[in-house]
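> Going by our numbering, the first residue of the sequence shown is number 235, and it counts up by one from there. Sharing a structure below in structure tokens format, with a few things to ask.
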Amino acid sequence: MRAALALPLAVLSLSGVPLAAAPLAETCANGTCQIQLTPDQLLGHASALVEQRRFEEARPFIAALRQAPSAGMEAHFLAGYVAVETGDTATAIKEFRASLAIDPKQTRVRLELARALMMQGKDGGAAYHFRLAAQDGALTPEIRATIQAQRGILRDRRPWHVSTEFGFAPDTNINSGTSAETVDLVVGNQTIPLTLDENARARSGLGQTASISAGWRFKIGERGAFLVDGDAQGVNYKGTANDDYTVQLAAGPEFRPSEETSISLQGLGLQRWYGGDRAVTQLGARLAVQHTIGDDQRVGLTLDARHSASGFQEAYSGWNFALYATYERVVARSLIASASLFARADRLNEEAYSSKEFGLSLGLGGELPHGINAGITGTASRATYGAPLAAFSDTPRADWRLSGRIYAGVRALRVMGFSPSVSYTYTLNASSLSLYESKRSRFAFNLARYF
235 MRAALALPLA VLSLSGVPLA AAPLAETCAN GTCQIQLTPD QLLGHASALV EQRRFEEARP
295 FIAALRQAPS AGMEAHFLAG YVAVETGDTA TAIKEFRASL AIDPKQTRVR LELARALMMQ
355 GKDGGAAYHF RLAAQDGALT PEIRATIQAQ RGILRDRRPW HVSTEFGFAP DTNINSGTSA
415 ETVDLVVGNQ TIPLTLDENA RARSGLGQTA SISAGWRFKI GERGAFLVDG DAQGVNYKGT
475 ANDDYTVQLA AGPEFRPSEE TSISLQGLGL QRWYGGDRAV TQLGARLAVQ HTIGDDQRVG
535 LTLDARHSAS GFQEAYSGWN FALYATYERV VARSLIASAS LFARADRLNE EAYSSKEFGL
595 SLGLGGELPH GINAGITGTA SRATYGAPLA AFSDTPRADW RLSGRIYAGV RALRVMGFSP
655 SVSYTYTLNA SSLSLYESKR SRFAFNLARY F
């Protein structure tokens with residue numbers, strides 16, 4: 235595996251890295267010789283020694299190169315290359331990440347980082363960096379073929395993945411309540427203002443959050459596999475009234491009719507608890523089709539159907555259907571842009587709670603300089619309900635729903651394998667019924683680890 239990935243240093247040089255060393259200018263006096271090097275000369279000699287695999291001789295030059303502010307990216311790369319070639323993959327990964335933190339568009343650094351991650355068995359991270367590296371238009375056909383081959387190997391050999399996250403989240407509306415103090419109650423031909431209880435109005439709070447996501451893939455034959463995916467997440471507030479916990483499990487076969495296309499069908503189950511009580515139990519199925527276009531584009535279609543059994547009222551029980559069409563593309567060689575159209579329909583026992591929703595989501599995220607991973611997403615949708623809520627209106631409810639999220643994390647900073655991140659989420663529900671009007675701001679400060 236390592237031989238298939240290893241590339242000579244001169245095959246894909248870094249931007250601005252001279253591989254040939256210029257003659258050294260020596261000044262000798264009283265039996266002592268001094269050599270003065272410019273940063274470019276130092277870089278040239280360090281890279282030439284590394285190319286010749288004279289790693290021990292190169293180390294002092296690389297150490298000296300770190301003192302030149304203009305050559306920080308190249309110094310980290312050469313140190314990482316020496317580390318990976320001498321078996322120290324942990325140091326190599328650290329150095330390559332530091333190099334990309336300075337310039338995330340360096341293809342050679344990203345390829346070497348993917349190789350080091352692959353050698354450590356971190357196939358998810360390796361696949362991500364191979365995908366971004368493949369966007370470089372200057373790649374030779376041979377190197378592009380090597381990248382595609384390694385991505386195929388990673389897809390076939392990666393049996394499992396796990397990620398976990400925990401932190402705390404200040405929230406302006408932990409119960410998704412309305413900001414209105416009164417609502418109009420319709421009694422016959424009269425409208426009577428009703429003062430809302432504090433429990434029905436928006437309340438702020440500080441929650442402790444945790445989540446875990448895991449998946450297992452068992453290969454069956456040349457083109458088949460069996461998939462198992464599990465997710466759990468929860469938020470704990472003071473008391474139990476607004477505690478919210480969800481567990482979901484999905485399992486089923488996957489078929490790949492070609493290298494670019496996958497089709498999966500999974501049965502799924504979900505259990506949610508809210509306020510210490512069972513909120514809903516769902517059982518259903520999910521069909522997903524994904525197709526890769528070239529090296530930089532991907533489209534997907536997902537159909538989800540499940541039956542919900544409410545733990546609160548039988549009126550909330552029924553069927554839920556959803557359809558998602560997604561498109562994503564790598565842009566600027568280190569960012570991924572995405573767009574998703576979705577349609578949802580809830581067919582519940584009570585027509586007034588049944589709804590149809592159509593919407594659009596847009597997102598952009600990826601790697602920025604200084605080792606920052608960041609992104610922004612936005613969603614807008616329109617939901618309409620099947621019948622009026624007789625106590626509040628003589629017309630069916632209709633909502634506009636808007637949400638946005640911005641996040642930033644520092645993958646280069648790790649504490650026991652965990653990296654810090656911060657996010658801000660804003661949601662707005664503009665409803666024709668004031669009882670359901672709400673807005674919410676939430677910050678989340680987390681530590682995350684990806685296995």
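For glycine and all other residues, C-beta sits at the position ideal for the given N, C-alpha and C. Treat the numbers as computed from the prediction; the structure is a model and nothing was measured.
Reducing DSSP to helix, strand and coil, say where K328 ends up.
Helix.
> With a CB to CB cut of under 8 Å and the five nearest residues on each side skipped, what residues in its chain are close to L388?
Closer than 8 Å at Cβ, skipping near neighbours: M352, D357, A360, A361, F364.
> Are the CB atoms of L499 and L517 nearer to each other than 7 Å?
No. Outside cutoff.
> In its own chain, which residues sit with a C-beta less than 6 Å from the C-beta of L345, not counting the 5 before and 5 after it?
Taken in chain order, the residues that qualify are A367.
> Can you check the stretch 348-377 for any alpha helix (DSSP H) of at least 4 residues that lies completely inside it and give the ranges in chain order?
You should have 357-367.
> Run through DSSP, which three-state label would S544 get?
If DSSP states are grouped into helix, strand and coil, S544 belongs with the strands.
> Helix, strand or coil: how does DSSP classify Y550 here?
In this structure, Y550 counts as helix in the three-state DSSP scheme.
> Taking DSSP as the reference, what is the three-state secondary structure of L575?
Note: L575 maps to strand in three-state DSSP.
> Go ahead and label H279 buried or exposed: buried means 16 or more other beta carbons lie within 10 angstroms of its beta carbon, across all protein chains shown.
The residue is buried, with at least 16 neighbouring Cβ atoms inside 10 Å.
> If I follow the unbroken alpha helix (DSSP H) through I296, where does it start and stop?
Where I296 is concerned, the enclosing alpha helix (DSSP H) stretches over 289-299.
> Given a threshold of 16 other Cβ atoms within 10 Å of its Cβ, counted over all protein chains shown, does R287 qualify as buried or as exposed?
When all chains shown are included, R287 counts as exposed.
> Starting from the C-beta of G473, find all residues in its chain whose C-beta is less than 6 Å away, skip the five residues before and the five after it, and write them out in chain order.
Within the same chain, G473 has no close Cβ partners at all.
> Just checking, does the stretch 596-603 make contact with the stretch 570-582 on the three C-beta pairs under 8 Å criterion?
Enough Cβ pairs lie closer than 8 Å, so yes.
> Report back the beta-carbon spacing between A586 and G552 to the nearest angstrom; my notes put them in contact at under 8 Å.
A586 to G552, Cβ: 12 Å. No contact.
> In this structure, what does DSSP give as the bridge partners for V396?
Beta-bridge pairing links V396 to A448.
> Using a Cβ distance threshold of 8 Å, determine whether the stretch 401-409 contacts the stretch 669-682, with at least three qualifying pairs required.
Yes, the stretch 401-409 is in contact with the stretch 669-682.
> Measuring CA to CA, which of T526, T560, A632 is closest to S492?
Measuring from the Cα of S492, the nearest candidate turns out to be T526.
> Please give me, in chain order, every unbroken run of the beta strand (DSSP E) with length at least 3 that falls completely inside the stretch 562-628.
The stretch 562-628 contains these whole beta strand (DSSP E) runs: 569-582, 589-602, 606-619.
> Who are the near neighbours of A256 in its chain, counting only those whose CB is closer than 7 Å to its CB and skipping five residues on each side?
With a pLDDT of only 46 at A256, under 50, the local geometry of the prediction cannot be trusted, and the value read off the model is given with reservation. Hits under 7 Å: Q275, G278.
> Helix or strand or just coil, what does DSSP make of A313?
In this structure, A313 counts as helix in the three-state DSSP scheme.
> Identify the residues that DSSP records as bridge partners of K673: which are they?
Answer by DSSP bridge pairing, in chain order: L662.
> Taking just the CA atoms, how far does R437 sit from A617?
The alpha-carbon atoms of A617 and R437 are separated by roughly 24 Å.
> Just checking S574 against the ligand COA - is the residue's beta carbon closer than 6 Å to any of the ligand's heavy atoms?
The ligand COA is not part of the structure shown, which contains no ligands of any sort.
> Confirm, please, whether the CB-CB distance from R563 to Q529 is below 7 Å.
Here residue 529 turns out to be Asp, not Gln, going by the sequence shown. Their beta carbons are not under 7 Å apart, which means D529 does not touch R563 by this criterion.
> CA-CA distance, I454 and A448?
Taking the straight line joining both Cα atoms gives about 20 Å.
> Would the beta-carbon of S588 fall within 7 Å of that of R581?
For S588 and R581, yes; Cβs fall inside 7 Å.
> For the stretch 332-343 against the stretch 307-315, do three or more pairs of beta-carbon atoms, one drawn from each stretch, fall closer than 8 Å, so that the two count as touching?
Enough Cβ pairs lie closer than 8 Å, so yes.
> Would the beta-carbon of A638 fall within 7 Å of that of Y660?
In the sequence under discussion, the amino acid at residue 638 is Gly, which differs from the Ala named in the question. The answer is yes: Cβ separation under 7 Å.
> Nearest to Q384 by alpha carbon, out of S397, G371, A350?
Nearest C-alpha to Q384: A350.
> Under the rule that 16 or more other beta-carbon atoms within 10 Å means buried, what is Y471, buried or exposed?
Buried, since its Cβ has 16 or more Cβ neighbours within 10 Å.
> Entirely within the stretch 495-531 and at least 3 residues each: give me those beta strand (DSSP E) ranges in chain order.
The qualifying runs are 495-508, 511-527.
> I need the DSSP call for S281, collapsed to helix, strand or coil.
Residue state, collapsed to three classes: helix.
> Please report the distance separating the alpha-carbon of A682 from that of A625.
Looking at the two C-alpha atoms, the distance is approximately 46 Å.
> If contacts are defined as beta-carbon pairs under 8 Å, then I640 and I610 qualify, I think. What distance do you get, rounded to the angstrom?
Indeed, because the Cβ distance is near 5 Å, the residues count as touching under 8 Å.
> Within its chain, find whatever has a CB closer than 6 Å to the CB of R709; leave out the 5 residues flanking it on each side and keep chain order.
Absent from the structure is residue 709, since the part of the chain shown begins at 235 and ends at 685.
> Going by C-alpha distance, which of S666, H604, R635, G651 is nearest D628?
If we check each option's Cα against that of D628, S666 comes out closest.
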